[in-house]
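I have placed the structure first, in the form of structure tokens, so that the comments after it can refer back to it.
There are 2 protein chains.
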Amino acid sequence: MKNEIRVFAPASVSNVACGFDVMGFAINEPGDEIILRLTEKSGVVITKITGDNGKITYDPYQNTAGAPVISMLKYLGMEKQGVEIEIHKKMPLGSGIGSSAASAVAAAFAANIILEANLPRNEVLNFALEGEKIASGAIHADNVAPCLYGGFILIRGYNPIDIIEIPVPENLYCTIIYPHIEIKTKEAREILPIEVKLVDAKTHWGNTAGLIAGLITNDLNLVSRSIQDVIIEPVRAKLIPNYYGIKNAALDAGSLGCNISGSGPSIFALSSSIESANKIGEAMQKEVEKIPLGCNVYVSKINKEGPRVI
Amino acid sequence: MKNEIRVFAPASVSNVACGFDVMGFAINEPGDEIILRLTEKSGVVITKITGDNGKITYDPYQNTAGAPVISMLKYLGMEKQGVEIEIHKKMPLGSGIGSSAASAVAAAFAANIILEANLPRNEVLNFALEGEKIASGAIHADNVAPCLYGGFILIRGYNPIDIIEIPVPENLYCTIIYPHIEIKTKEAREILPIEVKLVDAKTHWGNTAGLIAGLITNDLNLVSRSIQDVIIEPVRAKLIPNYYGIKNAALDAGSLGCNISGSGPSIFALSSSIESANKIGEAMQKEVEKIPLGCNVYVSKINKEGPRVI
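Protein chains in written order, with the numbering used here: chain A, 1 to 310; chain B, 1001 to 1310.
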């Protein structure tokens, strides 16, 4: 048995405009790093957390990385095994790019290897979801699944959870801008309507279907036409200062489609070249600086591999 | 200029469970036949209608086949050209399998050829939609587009109309049963809710995305899991006696998915072989006879070519 493992898990963009709660994709950077270390003394202990400004709990039962490890040890009948966890947050918390999902996935992925559990990915998913549940209070797989599987993921349904891996065009790039404000996922959910107009719902199912068709058949024009949101965006845009200014700047700079990443405040913009992705990032940044707010900009291809041992 | 043309246009299944108003596919049979004949005397005249039990008007302006021809003549500046139309209905009216769409498409397709207009298909579509509008009172393309293009069609959006041709697995078969009751499209629309729960809408956009992915990647199991409707079916099922008995019989007989065709009363069931499609037809028929009602059963592959000159 190996004694230590260090795993990177990527950030992810959920919802993807039309696909609220059912779609997401992973990006190459940023991402979180988790170290698991087997110890003689039984019990799971979080020994170090960096990059969180002191915001994350060291209680392993209440920690998105701790819970999956505890749960997997129990499942394997290995409660006596001691595990130390180090969490190195390499991306901002609560920024809408799947920070808690990345920590949960990295921990579950690492535990599966170091405990020699050899569980298939769909079972590892369940342990990662337990970590995500601690963060968001509910089982949402639209960050966890893309982070764990890599690529673009459709969660067709939740009863039972049905993960579909959608092939993506080779030349698809994502620019993300994170304006330095905080939006709590819970609050971003509470402002959503319980009911929506059937005519708006139809618009969404036309667009989700179009987006999937465009991705699989490598039709970026169709992808672009399908990245629309008439239900969630109009409500959540109010939480992000100058949102439409930022979005329009991305579109004017040539983005295929731009929308809120997860529950925000991060905003993602897709494009078909690294040059375009960089240009879009600069254009969005100018709009954020007008507010004025600080921001982080990330430019990356779609991540295809999910977590990896480093 | 050729003097006469005879065109067949196929029946079609719209909605396809999850894709209310945005999806449809054409089937090989039944279908309507339209004959157009150029005449010396100006004006459009409907000279013969068969198979309609006297239900269809001979007024070309109020007729789904007449309106597209009149409209195309006007568009081409050929108002002086005389055209005779014969309409041979080879499928039941108001049965939910795109009867009016087939007549409108056949007429527009035939007019485009005999008038030597050489309009591209997306323009022919607009003329066919004018005919369909007379029948349903609104612009719905989910029967007209599959009938005209053949195959499985996604109407991603309506502003402007955005037709996406979705490849379908070679071995996809459709069984249709038409129980002999009448459901008016207008009434079937009026009972639908204006608003739906966001959670149900999400179920639909997950399923429409899943259905499209399953069709394109030839994953019939995914197609099967995606053919679900939690919004329209529960409301419209009440209009069809023993609907769930018929549906369950189809599923028990091995159907990949079964639901209401268009606004009903026809019910479609997909399967992956002709043997299975026939067996499903027999099972559904037994349930319709229990009501008791007469019925028609059609078994066919997905139609890939749309209308054709015969």
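Idealized CB from N, CA, C, for every residue including glycine.
Query, Result
"9 Å is my cut-off, CB to CB: does Pro1234 of chain B come that close to chain A?", "no"
"Could one say the Cβ of Gly24 of chain A lies closer than 9 Å to chain B's Cβ atoms, at least one of them?", "no"
"Just tell me which of A:Tyr149, A:Pro146, A:Asn126 has its CA closest to the CA of Ala138 of chain A.", "A:Asn126"
"For Ser1012 of chain B, which three-state DSSP category applies?", "strand"
"Within 9 Å (strictly less), CB to CB, does Cys1258 of chain B reach chain A?", "no"
"Take the Cβ of Lys1184 of chain B as the centre, count every other Cβ of all protein chains shown within 10 Å, and call the residue buried at 16 or more, exposed below.", "exposed"
"Could you name the residues of chain C that Asp1162 of chain B contacts, counting a contact when the two beta carbons are closer than 7 Å?", "Here the protein chains are A and B, and chain C is not one of them."
"Can you check DSSP and say which residues form a bridge with Tyr1158 of chain B?", "B:Ile1161"
"Measure from the C-beta of Arg1156 of chain B to each C-beta in chain A and report whether the shortest distance is under 9 Å.", "yes"
"Return the residue from the list B:Ala1209, B:Leu1036, B:Tyr1243 that minimises the CA-CA distance to Gln1285 of chain B.", "B:Tyr1243"
"Around the C-beta of Asp1021 of chain B, are 16 or more other C-beta atoms found within 10 angstroms, so that it is buried, or is it exposed?", "buried"
"Helix, strand or coil for Glu86 of chain A? Go by DSSP, reduced to three states.", "strand"
"Under 8 Å between beta-carbons, which chain A residues line up against Cys1018 of chain B? List them in chain order, please.", "Trp205"
"Opposite Thr1039 of chain B in the DSSP bridges: which residues?", "B:Gly1082"
"Relative to the C-alpha of Thr39 of chain A, which candidate in A:Gly51, A:Glu33, A:Met78, A:Ala11 has its C-alpha closest?", "A:Met78"
"Taking CB distances under 9 Å as the criterion, tell me whether Val196 of chain A reaches chain B.", "yes"
"Locate the beta strand (DSSP E) running through Lys301 of chain A, then write down its first and last residues.", "295-301"
"Below 8 Å on C-beta distance, what does Pro68 of chain A contact in chain B?", "Neighbours of Pro68 of chain A on chain B: none; closest Cβ ~25 Å, over 8 Å."
"Count the other CB atoms within 10 Å of the CB of Ser1012 of chain B; is the residue buried (16 or more) or exposed (fewer)?", "buried"
"Quick check on the DSSP output: the beta strand (DSSP E) that includes Asn263 of chain A runs from which residue to which?", "It is Ser, not Asn, that sits at residue 263 of chain A in the sequence shown. Per DSSP, Ser263 of chain A belongs to no beta strand (DSSP E) and is neither H nor E."
"Using the C-alpha atoms, what's the distance from Ala111 of chain A back to Phe8 of chain A?", "13 Å"
"Using beta carbons (cut-off 9 Å, strictly below), is Thr1185 of chain B in contact with chain A?", "no"
"Using CA coordinates, which residue listed in A:Ile212, A:Val45, A:Arg225 is at the minimum distance from Pro169 of chain A?", "A:Ile212"
"Check whether chain B comes within 9 Å of Pro120 of chain A, counting only Cβ atoms and requiring the distance to be less than that.", "no"
"In the DSSP assignment, the beta strand (DSSP E) including Ser95 of chain A goes from what residue to what residue?", "That residue, Ser95 of chain A, is in no beta strand (DSSP E); it is neither H nor E in DSSP."
"Where does Tyr58 of chain A sit, in a helix, a strand or coil, going by DSSP?", "coil"
"Does Ile176 of chain A come out as helix, strand or coil in the three-state DSSP assignment?", "strand"
"Flag Pro146 of chain A as yes if its beta-carbon sits less than 9 Å from any beta-carbon of chain B, otherwise no.", "no"
"With three or more beta-carbon pairs closer than 8 Å as the criterion, would you say the region 249-259 of chain A touches the region 268-277 of chain A?", "yes"
"So, is the C-beta of Lys304 of chain A closer than 9 Å to a C-beta in chain B?", "no"
"Closer than 7 Å between beta carbons: that is the criterion. Which residues of the region 169-180 of chain A meet it against chain B?", "none"
"Does the count of Cβ pairs from the region 1102-1117 of chain B and the region 1062-1076 of chain B closer than 8 Å reach three?", "yes"
"Between Leu239 of chain A and chain B, is there a C-beta pair that is closer than 9 Å?", "no"
"Measuring alpha carbon to alpha carbon, tell me which of A:Ile227, A:Cys147, A:Ile216, A:Arg6 ends up nearest Pro30 of chain A.", "A:Cys147"
"Would you verify that the beta carbon of Gly264 of chain A is, or is not, closer than 9 Å to some beta carbon of chain B?", "no"
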